[in-house]
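Participant: No gaps in the numbering here: position 112 of the sequence shown is 111 in numbering that gives the first Met the number 0, and each next residue is one more.
Glycine included, each C-beta is placed from N, C-alpha and C at the ideal position.
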Amino acid sequence: MTATAPESTALYDVPGPRTRQRHRLYAAVSTALILALVGWILYLLFGTDQFTYTKWMPFEYKGIQELLLRGLGNTLKAFAMAAVLSLALGTVLATGRLSDHRPVRWVSTLVVEFFRAMPVLVMIFFIFVALKVQPLPALVAGLTLYNGSVLAEVFRSGVNSVERGQREAAFALGMRKTQVMTYVLVPQAVRAMLPAIISQLVVALKDTSLGYLITYEEFLHAGKLIASNLDYDLPFIPVVMVISPIYIGMCMLLSWFAQWVSRREQRSPKTEAVHVAPAEPGTLLPGGGPPTAPRL
0 MTATAPESTA
10 LYDVPGPRTR
20 QRHRLYAAVS
30 TALILALVGW
40 ILYLLFGTDQ
50 FTYTKWMPFE
60 YKGIQELLLR
70 GLGNTLKAFA
80 MAAVLSLALG
90 TVLATGRLSD
100 HRPVRWVSTL
110 VVEFFRAMPV
120 LVMIFFIFVA
130 LKVQPLPALV
140 AGLTLYNGSV
150 LAEVFRSGVN
160 SVERGQREAA
170 FALGMRKTQV
180 MTYVLVPQAV
190 RAMLPAIISQ
200 LVVALKDTSL
210 GYLITYEEFL
220 HAGKLIASNL
230 DYDLPFIPVV
240 MVISPIYIGM
250 CMLLSWFAQW
260 VSRREQRSPK
270 TEAVHVAPAE
280 PGTLLPGGGP
290 PTAPRL
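1) Only counting the same chain, and skipping five residues up and downstream in sequence, which positions put a Cβ closer than 8 Å to that of Y211?
2) Do you know whose CA, among V153, L71 and V132, lies nearest S208's CA?
3) Compare the beta carbon distance of G147 and L193 with 8 Å and say whether it is the shorter of the two.
4) Tell me the DSSP secondary structure of K131 in three-state form.
5) For L135, which residues in the same chain have their Cβ closer than 7 Å to its Cβ, ignoring the five residues on either side in sequence?
6) From R96 to A188, what distance separates their C-alpha atoms?
7) For I213, which option in G62, V119, A79 and V202 has the closest C-alpha, if you only look at C-alpha atoms?
8) Comparing alpha-carbon positions, which option in V241, W255 and I236 lies nearest D48?
9) Please state whether the Cβ-Cβ distance between L142 and A203 is less than 8 Å.
10) Between the alpha carbons of V238 and L67, how many angstroms are there, rounded?
11) Where in the segment 98–186 do unbroken runs of the beta strand (DSSP E), each at least 3 residues long, occur, reported from the N-terminal end onward?
12) Helix, strand or coil for V297, going by three-state DSSP, please let me know.
13) Can you give me the C-alpha to C-alpha distance between V106 and S254, rounded to a whole angstrom?
14) What residue does the alpha helix (DSSP H) around G72 start on, and which one ends it?
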């Protein structure tokens with residue numbers, strides 16, 4: 000019996016036995032290097048006494064725990080406000096960029112390109128210092144302007160990614176542009192936009208840490224207070240080891256939520272294929288059998 004050659008696909012050739020062996024070798028070497036790196040980092044941490052009881056003792060105090068929880072709550076509050084406002088601003092700007100009116104399209108494009116090019120920290124500092132805004136509104140405003148501009152491009156690209164025939168067919172049925180966008184283009188574009196939207200929300204969540212630069216008492220600010228104001232040989236590394244996994248966990252939770260929504264959309268009855276029953280013999284006319292040629 001002769002072995003069959005591996006089949007090819009449109010994207011790549013299915014690896015053969017030798018290629019699979021090389022892939023396993025690369026995976027083993029990469030795993031060994033990662034484990035060696037982790038071991039070296041742990042060696043350095045143990046060598047600098049980062050796991051001593053003295054440096055971890057502050058986390059046993061109720062005041063320290065309340066400070067961290069309060070900072071985490073402030074971070075989530077700023078993120079929730081920035082996320083909602085960014086989605087709203089992105090929708091408005093994307094609608095303007097897709098408008099048929101040239102002045103509206105030009106103004107929206109100018110706003111999007113300007114705030115996309117501006118660093119987030121510069122906008123936050125300008126709003127906080129020049130406009131004399133409180134820390135929370137300044138942080139939310141800076142995050143909203145930047146992430147809303149990026150999301151506007153995501154929304155516009157998602158709508159334009161829908162096949163042109165969908166738009167033309169809807170207009171041919173006599174639908175207005177608002178109806179075409181609402182009932183035809185946007186529902187299809189949402190599935191393509193969802194990963195990019197969640198990725199940008201993750202960026203907004205991480206950028207809330209910039210609030211400590213304007214004295215907003217968010218999660219990173221709380222960790223900075225613990226590391227700098229306690230007389231325990233500056234437990235900076237333990238604070239980072241406590242705060243970092245929480246940030247990573249929140250970002251992973253957002254990614255998991257995006258995957259859950261995507262799977263739910265795929266299982267939705269509106270997106271599942273409709274089962275068509277096989278054709279069976281039957282009558283073609285309501286009155287009886289199929290028509291026959293008249294007898295001469």
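Facilitator: Once the coordinates are examined:
1) Same-chain partners within the cutoff: E217, L219, H220 and K223.
2) When each option's Cα is compared against that of S208, the closest is L71.
3) Not in contact: G147 and L193 (Cβ atoms no closer than 8 Å).
4) If DSSP states are grouped into helix, strand and coil, K131 belongs with coil.
5) Within its own chain, the residues whose Cβ lies closer than 7 Å to the Cβ of L135, once the five positions on either side in sequence are excluded, are A77 and Y215, listed in chain order.
6) Whole-angstrom Cα-Cα distance: 16 Å.
7) Here the closest residue by C-alpha is V119.
8) Checking every option, the nearest Cα to that of D48 belongs to I236.
9) The answer is yes: Cβ separation under 8 Å.
10) Taking the straight line joining both Cα atoms gives about 10 Å.
11) Those beta strand (DSSP E) runs which fall completely within the segment 98–186 and span 3+ residues do not exist here.
12) Given a span of 0 to 295 for the chain in the structure shown, any question on residue 297 remains unanswerable.
13) Their Cα atoms are separated by approximately 33 Å.
14) Segment K61 to R96, the alpha helix (DSSP H) holding G72.
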